Amino acid sequence: GQQVMQIPQYQHVQEGEDFTTYCNSSTTLSNIQWYKQRPGGHPVFLIQLVKSGEVKKQKRLTFQFGEAKKNSSLHITATQTTDVGTYFCAGPKTGNQFYFGTGTSLTVIP
Amino acid sequence: DAGITQSPRHKVTETGTPVTLRCHQTENHRYMYWYRQDPGHGLRLIHYSYGVKDTDKGEVSDGYSVSRSKTEDFLLTLESATSSQTSVYFCAIRGLYNEQFFGPGTRLTVL
Chain A
15 GQQVMQIPQY
25 QHVQEGEDFT
35 TYCNSSTTLS
45 NIQWYKQRPG
55 GHPVFLIQLV
65 KSGEVKKQKR
75 LTFQFGEAKK
85 NSSLHITATQ
95 TTDVGTYFCA
105 GPKTGNQFYF
115 GTGTSLTVIP
Chain B
453 DAGITQSPRH
463 KVTETGTPVT
473 LRCHQTENHR
483 YMYWYRQDPG
493 HGLRLIHYSY
503 GVKDTDKGEV
513 SDGYSVSRSK
523 TEDFLLTLES
533 ATSSQTSVYF
543 CAIRGLYNEQ
553 FFGPGTRLTV
563 L
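Residue numbers (my numbering), protein chains in the order written: chain A, 15 to 124; chain B, 453 to 563.
Written out as structure tokens, the structure reads:
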């Protein structure tokens, strides 16, 4: 069945270093979404990518959607302690459902 | 946060007891979702609703039932709670552009 895999599961970085998480789908996605969940909090929507090869930026965050629309990445430049949390990708499934990746937990060491 | 509340926020119960979690939204969204979140599994869909009295199963629906008698309320029931249902439960609504807005979550412990 359709799956959305996310790597790495955990990432520890020194403050100021860059961070990237990758999301891969076994099938072509019509769109992909990214969410951030702070420790003890709930997932918060960050962005949605729709077009093949699309790149969107939000300040230090860069989101990419692959040409084949089967993979995506989130890159954070010069991490800060406020970036701590778990980042999830999510892809649509038939029947108005969504598959969430298992998430990448980011720890930023001051 | 799209006016979504969940109750209770924390609950401890015993195996075999029924439990009902409530999700309430104030913005008249059609689609509502119940997820559970467990370490190593991310968010997994339990059930969802696409309108009043219209619901469907997600990938981990066994042991759970739902009801939606009003647009604003979506209830998740564990008929007979088991320890494997210890989890954090999130309700979500779907926005205009398919993005999801999540409630604050309910932490359920089944002893």
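Beta carbons are placed, not taken as given, at the ideal position from N, Cα and C, and that holds for glycine.
Fair warning: this is a prediction, and the values are worked out from it, not measured in the lab.
Nearest CA to the CA of residue i: which residue from the options?
i, options, result
"residue 485 of chain B", "B/535, B/559, B/508", "B/508"
"residue 616 of chain B", "B/553, B/533, B/550", "The displayed coordinates of chain B run from 453 to 563. Any statement about residue 616 of chain B would go beyond what the structure contains."
"residue 59 of chain A", "B/546, B/503, B/490, B/561", "B/546"
"residue 561 of chain B", "B/455, B/457, B/472", "B/472"
"residue 114 of chain A", "A/42, A/34, A/46", "A/46"
"residue 70 of chain A", "A/89, A/108, A/20, A/35", "A/89"
"residue 538 of chain B", "B/460, B/551, B/506, B/464", "B/464"
"residue 563 of chain B", "B/468, B/460, B/457, B/455", "B/468"
"residue 67 of chain A", "A/54, A/81, A/99, A/18", "A/81"
"residue 498 of chain B", "B/460, B/458, B/529, B/524", "B/529"
Can you tell me whether DSSP reads residue i as helix, strand or coil?
i, result
"residue 537 of chain B", "helix"
"residue 97 of chain A", "helix"
"residue 490 of chain B", "strand"
"residue 506 of chain B", "strand"
"residue 124 of chain A", "coil"
"residue 39 of chain A", "strand"
"residue 17 of chain A", "coil"
"residue 85 of chain A", "strand"
"residue 521 of chain B", "strand"
"residue 468 of chain B", "coil"
"residue 512 of chain B", "coil"
"residue 92 of chain A", "coil"
"residue 496 of chain B", "strand"
Rounded to a whole number of angstroms, what is the C-alpha to C-alpha distance between residue i and residue j?
i, j, result
"residue 39 of chain A", "residue 106 of chain A", "11 angstroms"
"residue 522 of chain B", "residue 51 of chain A", "29 angstroms"
"residue 32 of chain A", "residue 97 of chain A", "11 angstroms"
"residue 527 of chain B", "residue 124 of chain A", "42 angstroms"
"residue 540 of chain B", "residue 44 of chain A", "29 angstroms"
"residue 506 of chain B", "residue 520 of chain B", "7 angstroms"
"residue 41 of chain A", "residue 72 of chain A", "27 angstroms"
"residue 536 of chain B", "residue 549 of chain B", "34 angstroms"
"residue 56 of chain A", "residue 470 of chain B", "25 angstroms"
"residue 459 of chain B", "residue 103 of chain A", "27 angstroms"
"residue 515 of chain B", "residue 457 of chain B", "23 angstroms"
"residue 491 of chain B", "residue 53 of chain A", "13 angstroms"
"residue 524 of chain B", "residue 551 of chain B", "18 angstroms"
"residue 455 of chain B", "residue 474 of chain B", "14 angstroms"
"residue 99 of chain A", "residue 108 of chain A", "29 angstroms"
In chain E, which residues lie with their C-beta within 8 angstroms of the C-beta of residue i?
i, result
"residue 549 of chain B", "The chain labelled as chain E is not found among the protein chains of the depicted structure, namely A and B."
Output yes or no for whether 8 angstroms exceeds the beta carbon distance between residue i and residue j.
i, j, result
"residue 101 of chain A", "residue 118 of chain A", "yes"
"residue 531 of chain B", "residue 517 of chain B", "yes"
"residue 502 of chain B", "residue 496 of chain B", "no"
"residue 48 of chain A", "residue 77 of chain A", "yes"
"residue 542 of chain B", "residue 554 of chain B", "yes"
"residue 510 of chain B", "residue 111 of chain A", "yes"
"residue 559 of chain B", "residue 462 of chain B", "yes"
"residue 74 of chain A", "residue 91 of chain A", "yes"
"residue 23 of chain A", "residue 37 of chain A", "no"
"residue 34 of chain A", "residue 494 of chain B", "no"
Got a sec: does the ligand PLP put a non-hydrogen atom nearer than 7 angstroms to the Cβ of residue i?
i, result
"residue 552 of chain B", "Summarising the ligand content, the structure contains no ligands, and the ligand PLP is consequently not present."
Touch test, the stretch 48 to 65 of chain A against the stretch 472 to 480 of chain B, Cβ-Cβ under 8 angstroms, three pairs minimum: no
Three or more C-beta pairs below 8 angstroms linking the stretch 23 to 30 of chain A and the stretch 70 to 86 of chain A: Judged by Cβ distances under 8 angstroms, the stretch 23 to 30 of chain A makes no contact with the stretch 70 to 86 of chain A, as fewer than three pairs qualify.
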